[in-house]
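Position one of the sequence shown corresponds to residue 8 (the working numbering), numbered consecutively onward. Beta carbons are placed, not taken as given, at the ideal position from N, Cα and C, and that holds for glycine.
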Amino acid sequence: MTDSTNYWSRRRLTRRTALRGSALTVAGASAMALVGCGDDDDDGGGSTNGGGQVLLPTAAPSPTAAKQPKPGGSFAFQMPNIPTNLDPYTQTSFQAAYVHGLGFSKLYRFKAGTPEVAPADNTMELDLAAAMPEQPDQVTYTIKLKPGIKFHNGRALTSEDIRYAYDRYMNYEKSVHKTGLGFIDKMETPDPQTFKFTTKFPYADTVNYIGGNLGAWISPKEHAEGPDAATKMVGSGPFMLTETQTGVSMTFKKYADYHDKPYPYFDEVKAFGPTDVAKRVADFSAKSVDLTWLFLPDPRDQLKKNRPDAKFEETQGIGGYIYLRTDQPPFNDKRVRQALSMGINRKALREAITKGEGVPDQLYFVGYPFARQVKDLPQAKYWDFNPAEAKKLLTAAIGDGKTIDTTWSHADVTAYGQEYLDTATLTQNQLKDIGFNIKDNPQPYLTQYIPTTYQGNYEGMGHSPRAIAYWLDYVTERFTMKPKRGRINLSYVNDPKLEALLDKQRQQFKMEERLQTVKQIEELVAEEQYEIYFSTDTRTYFWDSAIQNYRPTAWFPYTHLMKAWRDKA
8 MTDSTNYWSR RRLTRRTALR GSALTVAGAS AMALVGCGDD DDDGGGSTNG
58 GGQVLLPTAA PSPTAAKQPK PGGSFAFQMP NIPTNLDPYT QTSFQAAYVH
108 GLGFSKLYRF KAGTPEVAPA DNTMELDLAA AMPEQPDQVT YTIKLKPGIK
158 FHNGRALTSE DIRYAYDRYM NYEKSVHKTG LGFIDKMETP DPQTFKFTTK
208 FPYADTVNYI GGNLGAWISP KEHAEGPDAA TKMVGSGPFM LTETQTGVSM
258 TFKKYADYHD KPYPYFDEVK AFGPTDVAKR VADFSAKSVD LTWLFLPDPR
308 DQLKKNRPDA KFEETQGIGG YIYLRTDQPP FNDKRVRQAL SMGINRKALR
358 EAITKGEGVP DQLYFVGYPF ARQVKDLPQA KYWDFNPAEA KKLLTAAIGD
408 GKTIDTTWSH ADVTAYGQEY LDTATLTQNQ LKDIGFNIKD NPQPYLTQYI
458 PTTYQGNYEG MGHSPRAIAY WLDYVTERFT MKPKRGRINL SYVNDPKLEA
508 LLDKQRQQFK MEERLQTVKQ IEELVAEEQY EIYFSTDTRT YFWDSAIQNY
558 RPTAWFPYTH LMKAWRDKA
């Protein structure tokens, strides 16, 4: 990917993680580092979590004693909702990405998902590819496919299927991933087992992008262009979708001809989508499911009491953000954006929603070992809760005594939970005090928010969680306008200086050089406040102690479930 070190795994950890039953110790490298203690002022350093630590360390690799896998049986897990559209070419929802990992395959996949791999280690392993790419130079990639791979419909998978999928991601009019694979220039299929492509420029994140969870799944032409593309999955993944109960569950069965033996171990996997957090707690407490969706502090603490037998792991959650139409008044004036950020009392939000856990976040998730905490940025003042200064900035931008009328669009409770809605409500009330009159605009997640607002069709401002990125160039999709608006450039940022830095960092293969460019991007975005970031949180997953060879990951696909088994009936 770049130089020989993994830039997600740079720092030594010294704290034990809370994982019951697996004795995971953090003595070694991990993808998310323990950042040193900070002060407890309004927002410069944030609050501490427990023993004076402001960021949780993510657990390091923890090799376990080898056990004999026990094939068979079933596995049930929770999701926040059941996706209504399964087409990987037209969907950018994390909910769809979760189940795509069961039914589809990619050239490469995340190695994470077992105890010996840290949850946010973004190292790739082979999936459809027989080996890592052959690279005679920095722009040419030749990939050999494993022999004998078949789609669920029985047809052999060939290099033409890879070429078709990548072309559809880049050029299909309804694709939402056009910019993701934009680094590819030319594709060739010398023979059915060989896929070759060249990039427009040396691209440091090539393997990590094509092994990621968006814009990389291989769905064959006959299915992608057929009438069932949105409701069924015909891939080459470890499980086959057999039934969907709308809004309730999805059932998968083991794909007997899966190319990566001896996986999968389970005969059946079932996903449930209760939208109510209380029901998720109740279902796991009653042992109706084997694996939970993530829980924030209040339900986490309840489950620890209800299921002391369960395994669990606490991970650092990335902070959500506000996006704004920076191409239109009033948010095209950075003073308005800076005022908005300084009008948010992040500490009060943490105390109200996450029991005070978390710290202010920025563009580069502060849990990354290379990222700075907000208090260490030269622009840290914009995260301080400072209503007086915010009002001064607003007055300078729009005039004395004037206020701003705007709309805040966001998903409903079914997608991200009550805490997400509470963040919107509390923040809107805080901003009213400095001169923002906000009309709240909640939208159904699957039918309105994702297909409209999250595609950039909104006015005013919006609010979304963020995913922990698995490739360093993710910032390009947030801020590029070349040759078109990036997939998640929801703030409509068009900044030539920023574009130049984005172009520079993606071509830097020496990590020390690249991180210097990252710092420049970090500070430019902090000054401009193109996106307004909230705080990190603590996210906890629970799973039944009988489940072996499993560990949560920071990445969306559930492909790694194929490696798990149940130790007892």
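Open item on the list: Going by C-alpha to C-alpha distance, which of 535, 561, 575 and 540 sits closest to residue 554?
Closed with: Per the C-alpha coordinates, the member of 535, 561, 575 and 540 positioned closest to residue 554 is 575.
Task: Of the listed residues 347, 167, 425 and 562, nearest to residue 478 (C-alpha basis) - done: Check the Cα spacing between residue 478 and each of 347, 167, 425 and 562: the tightest is with 562.
TODO: Could you give the DSSP three-state label for residue 97: helix, strand or coil?
DONE: Coil at residue 97, not helix or strand.
Open item on the list: I'd like to know whether the C-beta atoms of residue 5 and residue 269 end up nearer to each other than 9 Å.
Closed with: Residue 5 is absent from the model: the chain starts at 8 and stops at 576.
Open item on the list: Can you look up residue 37 in the DSSP assignment and give me helix, strand or coil?
Closed with: Confidence is the limiting factor: at residue 37 the pLDDT is only 33, short of 50, which leaves the residue's position unreliable and the question unanswerable from this model.
Open item on the list: Does the segment 327–342 come into contact with the segment 496–509, if we say contact requires no fewer than three beta-carbon pairs (one atom in each stretch) closer than 8 Å?
Closed with: Between the segment 327–342 and the segment 496–509, the count of Cβ pairs shorter than 8 Å is three or higher; the stretches touch.
Task: Pairwise C-alpha distance: residue 206 and residue 291 - done: Looking at the two C-alpha atoms, the distance is approximately 47 Å.
Open item on the list: On a Cα-Cα basis, can you pick out the residue from 287, 168 and 267 that is closest to residue 421?
Closed with: Of the candidates 287, 168 and 267, the one whose C-alpha sits nearest the C-alpha of residue 421 is 287.
Open item on the list: Quick check on the DSSP output: the beta strand (DSSP E) that includes residue 620 runs from which residue to which?
Closed with: Residue 620 is absent from the model: the chain starts at 8 and stops at 576.
Open item on the list: Given a cut-off of 9 Å on the beta-carbon distance, is the pair residue 159 and residue 276 in contact?
Closed with: With respect to the 9 Å criterion, residue 159 and residue 276 are not classified as neighbours on the basis of their beta carbons.
Open item on the list: Give the list of continuous alpha helix (DSSP H) stretches no shorter than 4 residues that lie fully inside the segment 461–545.
Closed with: You should have 481–486, 503–513 and 518–535.
- [ ] Could you work out which residue in 179, 177, 282 and 167 is closest to residue 196 when comparing CA atoms only?
- [x] Out of 179, 177, 282 and 167, 167 has the C-alpha closest to the C-alpha of residue 196.
Open item on the list: I need the DSSP call for residue 302, collapsed to helix, strand or coil.
Closed with: Strand at residue 302.
Open item on the list: I'd like to check one pair, residue 279 with residue 468: are the Cβ atoms closer than 9 Å?
Closed with: Note that the C-beta distance between residue 468 and residue 279 is not below 9 Å.
TODO: May I ask you to report which of helix, strand or coil DSSP gives residue 42?
DONE: Low per-residue confidence applies at residue 42: pLDDT is 29, beneath 50, and the placement is therefore not dependable, though the value from the model is reported in the following sentence. Look at residue 42 here: in three-state DSSP terms it is coil, with no helix or strand label.
Task: Residue interval of the beta strand (DSSP E) (run including residue 92) - done: That residue, residue 92, is in no beta strand (DSSP E); it is neither H nor E in DSSP.
Open item on the list: For the pair the segment 106–118 and the segment 299–310, tell me if three or more CB-CB distances fall below 8 Å.
Closed with: Verdict: no, contact absent.
Open item on the list: From the DSSP secondary-structure annotation, give me the bridge partner or partners of residue 163.
Closed with: Paired residue(s): 157.
Task: Own chain partners of residue 547 with C-beta closer than 6 Å, once the 5 adjacent residues on each side are dropped - done: Same-chain partners within the cutoff: 302, 307, 319 and 321.
Task: Short Cβ contact (9 Å threshold) for residue 80 with residue 573 - done: Yes, the pair counts as a contact, with Cβ atoms nearer than the cut-off.
TODO: Would you tell me roughly how many angstroms separate the C-alpha atoms of residue 1 and residue 218, rounded to the nearest one?
DONE: Absent from the model: residue 1. The displayed extent of the chain is 8 to 576, so no value can be given.
Open item on the list: For residue 295, count the other beta carbons within 10 Å of its own beta carbon; 16 or more makes it buried, fewer makes it exposed. Which is it?
Closed with: Classification of residue 295: exposed, given that the 10 Å Cβ count is below 16.
Open item on the list: Considering only the alpha carbon of each residue, which of 212, 193, 144 and 156 lies closest to residue 131?
Closed with: The residue among 212, 193, 144 and 156 with its C-alpha nearest the C-alpha of residue 131 is 212.
Task: Endpoints, the beta strand (DSSP E) within which residue 276 is located - done: Per DSSP, residue 276 belongs to the beta strand (DSSP E) from 275–279.
Open item on the list: With three or more beta-carbon pairs closer than 8 Å as the criterion, would you say the segment 479–492 touches the segment 434–448?
Closed with: The answer is no - the segment 434–448 does not touch the segment 479–492, with fewer than three Cβ pairs under 8 Å.
- [ ] Determine the direct distance from the alpha carbon of residue 142 to that of residue 198, and round the result to whole angstroms.
- [x] Going by the C-alpha atoms only, they are around 18 Å apart.
Task: CA nearest to the CA of residue 333, picked from 397, 466, 452 and 180 - done: For the options 397, 466, 452 and 180, the alpha carbon positioned closest to that of residue 333 is the one of 466.
- [ ] Decide if residue 297 is buried, meaning its Cβ has at least 16 other Cβ atoms within 10 Å, or exposed.
- [x] Burial check for residue 297: the Cβ neighbour count within 10 Å reaches 16 or more, so the residue is buried.
TODO: Using DSSP bridges, identify the partner residues of residue 631.
DONE: With the chain covering only 8 through 576, there is no way to say anything about residue 631.
TODO: Could you tell me the distance, in whole angstroms, from the CA atom of residue 411 to the CA atom of residue 153?
DONE: Rounded to the nearest angstrom, the two C-alpha atoms are 58 Å apart.
TODO: For my contact list, residue 377 and residue 525 are in at a C-beta cut-off of 8 Å; report their separation, rounded to the angstrom.
DONE: Contact flag correct, Cβ pair sits at about 7 Å.
Task: CB of residue 104 within 9 Å of CB of residue 564, strictly - done: Yes, these two residues count as a Cβ contact at 9 Å.
- [ ] Spell out the partners DSSP gives residue 311 in its beta bridges.
- [x] Note: residue 311 sits in no beta bridge, so no partner.
- [ ] Using three-state DSSP, classify residue 394 as helix, strand or coil.
- [x] Looking at residue 394 - three-state DSSP - the assignment turns out to be helix.
Task: residue 426 (DSSP reduced to helix, strand or coil) - done: Residue 426 falls in the helix class under three-state DSSP.
- [ ] Could you tell me whether any non-hydrogen atom of the ligand FMN is closer than 8 Å to the CB of residue 201?
- [x] Inclusion of the ligand FMN in the displayed structure is not the case, the ligand content being empty and no account of it being possible.
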